[in-house]
Each structure stands twice: as C-alpha cells, then as structure tokens.
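Written out below as structure tokens is the structure these notes cover.
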Amino acid sequence: KQEVTQIPAALSVPEGENLVLNCSFTDSAIYNLQWFRQDPGKGLTSLLLIQSSQREQTSGRLNASLDKSSGRSTLYIAASQPGDSATYLCAVSGSARQLTFGSGTQLTVLP
Amino acid sequence: ETGVTQSPTHLIKTRGQQVTLRCSSQSGHNTVSWYQQALGQGPQFIFQYYREEENGRGNFPPRFSGLQFPNYSSELNVNALELDDSALYLCASSLAHSRDEQYFGPGTRLTVT
Chain A
12 KQEVTQIPAA LSVPEGENLV LNCSFTDSAI YNLQWFRQDP GKGLTSLLLI
62 QSSQREQTSG RLNASLDKSS GRSTLYIAAS QPGDSATYLC AVSGSARQLT
112 FGSGTQLTVL P
Chain B
247 ETGVTQSPTH LIKTRGQQVT LRCSSQSGHN TVSWYQQALG QGPQFIFQYY
297 REEENGRGNF PPRFSGLQFP NYSSELNVNA LELDDSALYL CASSLAHSRD
347 EQYFGPGTRL TVT
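Chains A and B, in that order, give the protein sequences.
Going left to right, the first sequence walks through residues 12 to 122 as the working numbering numbers them.
Going left to right, the second sequence walks through residues 247 to 359 as the working numbering numbers them.
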C-alpha cells in the first residue's frame, strides 16, 4: 500500500527566503507525482506535475524534483512571498490511477 | 480554472440523512475520481469511475456510492450520514491514462450535525 509522507508539517519563514518542502513515498512504481497548493477551505490548485520518466519541472519561482528510485520529491520555492502562504500537498499516481496524498506542509511566509 | 465544477458549495445535514453531491468534469474527460478530505489531513481516495463504471474503490463503506453520466457529470451519494462524514469532498477529472493529470473541482463542504 502506497504511503506518502510530507516533512515538515508546518513551516514559517520570513519573506524573501528560499525554501524546500519534502515528500517521500514508499512504492516507487508510480506514474507521476503532483504538487498542489490549497488555501484554507478551498479546493486544490495544481502547481507542477512530474512524470515518472522526468527528474524535475519548473514553473516560475517553483521547481520540483523527483527521485523515483529513492521515493523522494522536493518542491523548491524561490524568493518566498506572503502570497505563497498555503498548505502544499504532494500526491503520487500509480497503476490504479488513484492519487495518494500526503498530509501536507502548512507554509506561512511572514512579511 | 480547471473546468471542473461542483455543487453545492456548502451543505449541512443531520446524522442518518442521505446526501448527493454533484460534479461536472472537463469535456472529454472520461474518468472521474472522488476524494474525502477531513480537516487537517490530505484527501483520501473514495472511488473512481471510468466510462460510467466503478473502476476502483478506496477504504470506504458501501454507503458511499456514485454514478457517472455520459454528459461528463457525476454524483457521490452518501447514505446514513455519520458525524465523521463531515469533510471537504473533492472530485477530479482526467483522461483515462494513469500518466494524465487530474484536475480538481473547488469541493463541497459537508457538515453533519
């Protein structure tokens, strides 16, 4: 059974810092990994999708890497801003096409 | 905007009642998945429908059931509501292949009192 863990559970940083969020998964037989952002009480906004054959994806100030063999992914956020404050979730997709999510990292960027 | 819509936005029900939540997928997406997200946790997979047939189920009891229609809409039905069913319910649509990205709707917040 796939399990996804996100560390840390919560993170508070001053504006302008670069930061890294971590995600690990137990079964390396995945098709892809997605990073999502969730604002309080809202739905999920997809940030980046990495296919299993890829090593990283970039979008603006965000960069996500994937090491499938070790079961790890990182989300790097450059020059953080207060508007980046949200919960960040990673999820992996296997052959069953269901997504298995971590519990998220709650990020607060202080002005 | 993902092109996936859900209704209603919020819903309050009493324990023991039944509820139907609705989702409208992106046009052309023949797969829809439903997830339950309790407060402070990541979403949990309920089930998936592909071409109007259930195509996988998570660890949820049979009182959670669904339907998918040819017009890219779908329903999640929950019978005999329990207090622990209070959660955000999310639907996601995608093309059939596992490599395809899933697009999430804004969710329905269900409160059971």
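We put the beta carbon where it would ideally sit given N, CA and C, even for glycine.
Report buried or exposed for residue i, applying the criterion of at least 16 other Cβ atoms within 10 angstroms of its Cβ.
i	result
Ala20(A)	exposed
Pro307(B)	exposed
Thr277(B)	buried
Phe315(B)	exposed
Ala284(B)	exposed
Pro25(A)	exposed
Leu121(A)	exposed
Thr98(A)	buried
Ile88(A)	buried
Could you tell me which residues DSSP pairs with residue i in its beta bridges?
i	result
Ser106(A)	DSSP lists no partner for Ser106(A).
Phe350(B)	Ala338(B)
Arg66(A)	For Arg66(A), which the question treats as bridged, DSSP gives no partner whatsoever.
Ser23(A)	Thr119(A)
Asn33(A)	Ile18(A), Thr85(A)
Ala75(A)	Gln68(A), Leu86(A)
Glu299(B)	Tyr296(B)
Gln282(B)	Gln290(B), Tyr335(B)
Need the endpoints of the beta strand (DSSP E) that residue i sits in, please.
i	result
Ile258(B)	256 to 259
Ser319(B)	319 to 324
Ser253(B)	251 to 253
Glu247(B)	No beta strand (DSSP E) holds Glu247(B); DSSP gives it neither H nor E.
Thr266(B)	265 to 270
Ala90(A)	Note, Ala90(A): premise wrong, no beta strand (DSSP E); not H, not E.
Between the alpha carbons of residue i and residue j, how many angstroms are there, rounded?
i	j	result
Leu334(B)	Pro254(B)	11 Å
Thr85(A)	Gly312(B)	35 Å
Gln117(A)	Asn323(B)	31 Å
His256(B)	Thr354(B)	6 Å
Phe310(B)	Ile292(B)	8 Å
Leu100(A)	Phe112(A)	7 Å
Arg83(A)	Gln348(B)	21 Å
Thr16(A)	Glu328(B)	28 Å
Ile61(A)	Asn43(A)	6 Å
Ser319(B)	Cys269(B)	6 Å
Asp38(A)	Leu77(A)	13 Å
Thr260(B)	Gly351(B)	25 Å
Val250(B)	Asn29(A)	33 Å
Gly27(A)	Gln49(A)	21 Å
Thr56(A)	Ser339(B)	13 Å
Asn74(A)	Gln264(B)	43 Å
Gln109(A)	Ser35(A)	17 Å
Exercise for the section: Could you list the residues in the stretch 322 to 338 of chain B with a C-beta less than 9 Å from some C-beta on chain A, going in chain order? Expected result: For the stretch 322 to 338 of chain B, the beta-carbon criterion of a distance under 9 Å to any beta-carbon of chain A is satisfied by Leu334, Leu336, Ala338.
Exercise for the section: Anything in the stretch 91 to 111 of chain A with a Cβ closer than 8 Å to a Cβ of chain B? List those residues in chain order, please. Expected result: Leu100, Ala102, Ser104, Gly105, Ser106, Ala107, Arg108, Gln109, Leu110, Thr111
Exercise for the section: Check each residue of the stretch 45 to 60 of chain A: if its Cβ is closer than 9 Å to any Cβ of chain B, include it; give the result in chain order. Expected result: Gln45, Phe47, Gln49, Gly52, Lys53, Gly54, Leu55, Thr56, Ser57, Leu60
Handout entry: Residues from the stretch 274 to 288 of chain B in contact with chain A, defined by Cβ distance under 8 Å
Key = Thr277, Ser279, Tyr281, Gly286, Gln287, Gly288
Exercise for the section: Output, in sequence order along the chain, the residues in the stretch 71 to 92 of chain A whose CB is closer than 9 Å to any CB in chain B. Expected result: none
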